[in-house]
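Engineer:
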Amino acid sequence: MRVSTNHLQQLAIFTTVLTGGGIGTMYYLMQKKFVESDYHRLATQKLKACPVAMEWLGAPPLKVHNIHLTDRNNRIDQSTAQIKIPVTGSHTGGYLYTCSTRDPDTNRWSLKQAVLKLKEGQTIDLLNPPEAQSCDTEL
């Protein structure tokens, strides 16, 4: 049985489109799961609660970007979540490095590390801010 070249081309195009759509959907759903997670939400809330960090970034507006899925700094398992969140404001951008642990009894996540590293090299520890009265350390 012979198959025409035209049919093979159509099959190749269809398979490529279907595969690309599946990969795109999977990427979107993974990013959505990260953003909706408690460990991501706690970290971004801590950043938004620190006026010093927000001022350095030039926020608001604060833009929280998608996590780079291939970055080795992003590791999540049942009890710990270590993620690197790209953020930008109107002045500059950087990465929010976070580490959270989950209490097995209550099943709640708690933020253990939240450090903002700006592109210019400045580092702000959001859990121990440079000016204690300037940053809200309670969420």
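Adding 34 to a residue's 1-based position in the sequence shown gives its number in this note's numbering. Virtual Cβ for every residue (Gly too), placed ideally from N, Cα, C.
1) Could you give the DSSP three-state label for residue 106: helix, strand or coil?
2) Hey, quick one: how far does the alpha helix (DSSP H) through residue 138 stretch, first residue to last?
3) In angstroms with no decimal places, state the Cα-to-Cα distance between residue 71 and residue 41.
4) Restricting to runs no shorter than 3 residues, where is the beta strand (DSSP E) found entirely within the region 141 to 165?
5) If you drop the 5 nearest sequence neighbours on each side, which residues of the same chain put their C-beta closer than 6 Å to that of residue 148?
6) What are the residues that DSSP puts in a beta bridge with residue 116?
7) Use the C-beta contact count for residue 123: other C-beta atoms within 10 angstroms, 16 or more gives buried, fewer gives exposed.
8) For residue 86, which three-state DSSP category applies?
Structural biologist: Per the coordinate set shown:
1) For the purposes of this step, residue 106 is identified with residue 72 of the sequence shown, where counting begins at 1. Looking at residue 106 - three-state DSSP - the assignment turns out to be coil, as it is neither helix nor strand.
2) For this step, residue 138 is matched to residue 104 along the sequence shown. Run containing residue 138: none; DSSP gives neither H nor E here.
3) Translated into positions along the sequence shown, residue 71 becomes position 37. Translated into positions along the sequence shown, residue 41 becomes position 7. Rounded to the nearest angstrom, the two C-alpha atoms are 45 Å apart.
4) Unbroken beta strand (DSSP E) stretches of 3 residues or longer found wholly inside the region 141 to 165: 143 to 152, 157 to 159, given in chain order.
5) Here residue 148 refers to the residue found at position 114 when the sequence shown is read from its first residue. 77, 80, 132, 160, 161, listed in sequence order.
6) As a first step, residue 116 is located in the sequence shown; it is residue number 82 there, counting from the start. Answer is 109, 133.
7) Here the question's residue 123 lines up with position 89 in the sequence shown. So residue 123 counts as buried.
8) By 1-based counting over the sequence shown, the position of residue 86 is 52. In this structure, residue 86 counts as helix in the three-state DSSP scheme.
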